[in-house]
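J.: Questions regarding the structure given below will be posed in turn.
Residue numbers (our numbering): 1 to 279.
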């Protein structure tokens, strides 16, 4: 059985592959991070530095060396992985509450407090979406969709709702759009007719679905154009895509929203509709 690639597993593979080239201090950090991933998720920077026997500044240098702005950004990869490995929403909430209580903060518990918090973090995610999505990439994606003979959309598990909406919108634009849902296990069969005249839109977030990765690889072999909606530019989907949108969804302690991804899907659909109206 193949193992799904998560952002953490990709980072860990990168650390292992570059380990021999690191300085002595950075190797100490690398060993600690590889051996203590759960502790890294919620320990303070000072505690991690002490346990790794390095100054806090070394953690920052280590994070910078692997493409992060700071060590707290790197910690988010460990934290998200721990939450994703906790399948039960009740257990996620318990972990979240315990972590907040350790910091002497008061967690939102009343429905209105939770609503207010989700509204806040989603608002921030939408502002970030508008800032970080490149206009040229948007235009390129619309052009690819407009020229496609067939549009195949792949989105499994929590990505399914975004993929389903995109199919709904494209069908209302009278586009030949097909949802790859793997009914009966027929993933490759549903994409067997893909050609260079078509486009594959793949939506997947960490932990990345193996089925989606296999399908985008199949699409690439057949010469189809590809658009990826994912959560990181180091996502495995990025390697196969002509256009890759890295969407940072709002997260409230392991409960990830889809507001930003849905807004991007709506942007693609409405922009395509306006282009069609102009022709």
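Where is the CB? At the ideal position from N, CA and C, for every residue including glycine.
Owing to the predicted nature of the structure, the values given are computational and were not obtained by experimental measurement.
Find out if the Cβ-Cβ distance for the pair residue 168, residue 194 is shorter than 8 Å.
T.: Taking the first residue of the chain shown as 1, we reach residue 168 at position 168. Taking the first residue of the chain shown as 1, we reach residue 194 at position 194. Contact flag unset, no.
J.: Per DSSP, residue 288 is paired with what?
T.: A query on residue 288 cannot be resolved here, the shown segment of the chain reaching from 1 to 279 and no further.
J.: Do you know whose CA, among 215, 234, 25 and 21, lies nearest residue 186's CA?
T.: Numbered from its first residue, the chain shown carries residue 186 at position 186. Of 215, 234, 25 and 21, the residue nearest in Cα terms is 215.
J.: I'd like to check one pair, residue 238 with residue 129: are the Cβ atoms closer than 8 Å?
T.: Position 129 of the chain shown holds residue 129. Position 238 of the chain shown holds residue 238. Taking 8 Å as the Cβ cut-off, residue 129 and residue 238 do not qualify as a contacting pair.
J.: Ignoring anything shorter than 4 residues, give me the alpha helix (DSSP H) runs that lie fully in the segment 125–177, in order along the chain.
T.: Within the segment 125–177, the complete alpha helix (DSSP H) runs of at least 4 residues are 135–147 and 160–172.
J.: Residues in the same chain with beta-carbon distance under 8 Å from residue 209, minus the five sequence neighbours each way, listed in chain order, please.
T.: Reading the chain shown from its first residue, position 209 is the one you call residue 209. So the qualifying residues of the chain are 4, 156, 157 and 159.
J.: Three-state secondary structure (DSSP) at residue 179?
T.: Reading the chain shown from its first residue, position 179 is the one you call residue 179. Of the three classes helix, strand and coil, the one that applies to residue 179 here is strand, per DSSP.
J.: Just verifying my parser: in three-state terms, what is the DSSP assignment at residue 230?
T.: The residue labelled residue 230 in the question sits at position 230 within the chain shown. Strand at residue 230.
J.: From the DSSP secondary-structure annotation, give me the bridge partner or partners of residue 200.
T.: The residue you call residue 200 lines up with position 200 of the chain shown. The partner list for residue 200 (beta bridge, DSSP) reads 152 and 226.
J.: Looking at residue 206 and residue 7, is the spacing between their C-beta atoms short of 8 Å?
T.: The residue given as residue 7 occupies position 7 in the chain shown. The residue given as residue 206 occupies position 206 in the chain shown. Yes, the Cβ-Cβ distance between residue 7 and residue 206 is below 8 Å.
J.: Across the segment 174–181 and the segment 223–230, are there enough close Cβ pairs to call them in contact, namely three or more that are closer than 8 Å?
T.: No, the segment 174–181 is not in contact with the segment 223–230.
J.: Pick from 249, 161 and 144: whose alpha carbon is nearest that of residue 200?
T.: Within the chain shown, the letter at position 200 stands for residue 200. Closest by alpha carbon: 144.
J.: By the three-class DSSP mapping on this structure, what secondary structure does residue 245 have?
T.: Here residue 245 corresponds to residue number 245 of the chain shown, with the count starting at 1. Note: residue 245 maps to strand in three-state DSSP.
J.: Quick one: grab the DSSP three-state call for residue 263.
T.: The residue labelled residue 263 in the question sits at position 263 within the chain shown. In the structure shown, residue 263 sits in a helix (DSSP, three-state: H, G or I).
J.: Alpha carbon to alpha carbon, how far is residue 184 from residue 25? Give it in angstroms, no decimals.
T.: One-based indexing of the chain shown puts residue 25 at position 25. One-based indexing of the chain shown puts residue 184 at position 184. Taking the straight line joining both Cα atoms gives about 52 Å.
J.: Is the Cβ-Cβ distance between residue 80 and residue 161 less than 8 Å?
T.: Along the chain shown, one-based indexing puts residue 80 at 80. Along the chain shown, one-based indexing puts residue 161 at 161. No, they are not a contact pair.
J.: Measuring CB to CB, does residue 78 end up less than 8 Å from residue 41?
T.: Numbered from its first residue, the chain shown carries residue 78 at position 78. Numbered from its first residue, the chain shown carries residue 41 at position 41. Yes, the pair counts as a contact, with Cβ atoms nearer than the cut-off.
J.: Which residues bound the alpha helix (DSSP H) around residue 32?
T.: Translated into the one-based positions of the chain shown, residue 32 becomes position 32. First-last of the alpha helix (DSSP H) with residue 32: 24–35.
J.: Suppose you measure from the CA of residue 62 to the CA of residue 71; what does that come to, to the nearest Å?
T.: Translated into the one-based positions of the chain shown, residue 62 becomes position 62. Translated into the one-based positions of the chain shown, residue 71 becomes position 71. Looking at the two C-alpha atoms, the distance is approximately 8 Å.
J.: So is residue 238 in contact with chain C if we call contact Cβ pairs under 8 Å?
T.: In summary, chain C is missing from the structure at hand, where a single protein chain is found.
J.: Leaving out five residues on either side along the sequence, give the residues of the same chain with a beta carbon under 8 Å from the beta carbon of residue 146.
T.: Your numbering for residue 146 matches position 146 in the chain shown. These residues qualify, in order along the chain: 272, 275 and 276.
J.: According to the neighbour-count rule (16 or more other Cβ atoms, all chains shown, within 10 Å of its Cβ), is residue 115 buried or exposed?
T.: As a first step, residue 115 must be located in the chain shown, where it is residue number 115. With fewer than 16 other Cβ atoms within 10 Å, it is exposed.
J.: From the DSSP output, which residues share a beta bridge with residue 205?
T.: Within the chain shown, residue 205 is the residue found at index 205, counting from 1. According to DSSP, residue 205 bridges with nothing at all.
J.: Give me whichever residues DSSP pairs with residue 251 in a beta bridge.
T.: As a working note, residue 251 is residue 251 in the chain shown. In DSSP, residue 251 forms a bridge with 256.
J.: Name the two residues that bound the continuous alpha helix (DSSP H) containing residue 57.
T.: Working through the chain shown from its first residue, we reach residue 57 at position 57. Per DSSP, residue 57 belongs to the alpha helix (DSSP H) from 56–65.
J.: Which whole-angstrom value is the C-beta distance of residue 218 and residue 267, which I expect to be below 8 Å?
T.: Locating residue 218 in the chain shown gives position 218, counting from the first residue. Locating residue 267 in the chain shown gives position 267, counting from the first residue. No, residue 218 and residue 267 are not in contact; Cβ-Cβ is about 27 Å, not under 8 Å.
J.: Near residue 69, what residues of its chain come up, given a Cβ to Cβ distance below 8 Å and the 5 sequence neighbours on each side ignored?
T.: Here residue 69 corresponds to residue number 69 of the chain shown, with the count starting at 1. Cβ within range, chain order: 63.
J.: Roughly how many angstroms separate the alpha carbons of residue 241 and residue 137, rounded to a whole number?
T.: As a first step, residue 241 is located in the chain shown; it is residue number 241 there, counting from the start. As a first step, residue 137 is located in the chain shown; it is residue number 137 there, counting from the start. Looking at the two C-alpha atoms, the distance is approximately 12 Å.
J.: Report the CB separation of residue 246 from residue 233 in whole angstroms; it is logged as a contact under 8 Å.
T.: On the chain shown, residue 246 is found 246 positions in, with the first residue counted as 1. On the chain shown, residue 233 is found 233 positions in, with the first residue counted as 1. Residue 246 to residue 233, Cβ: 5 Å. Contact.
J.: Within a Cβ cutoff of 8 Å, which residues of the same chain sit near residue 88, ignoring the five residues on either side of it in sequence?
T.: Within the chain shown, the letter at position 88 stands for residue 88. Only weak support exists for where residue 88 lies, its pLDDT of 47 falling under 50; the value from the coordinates is given anyway. Taken in chain order, the list of residues that qualify is empty.
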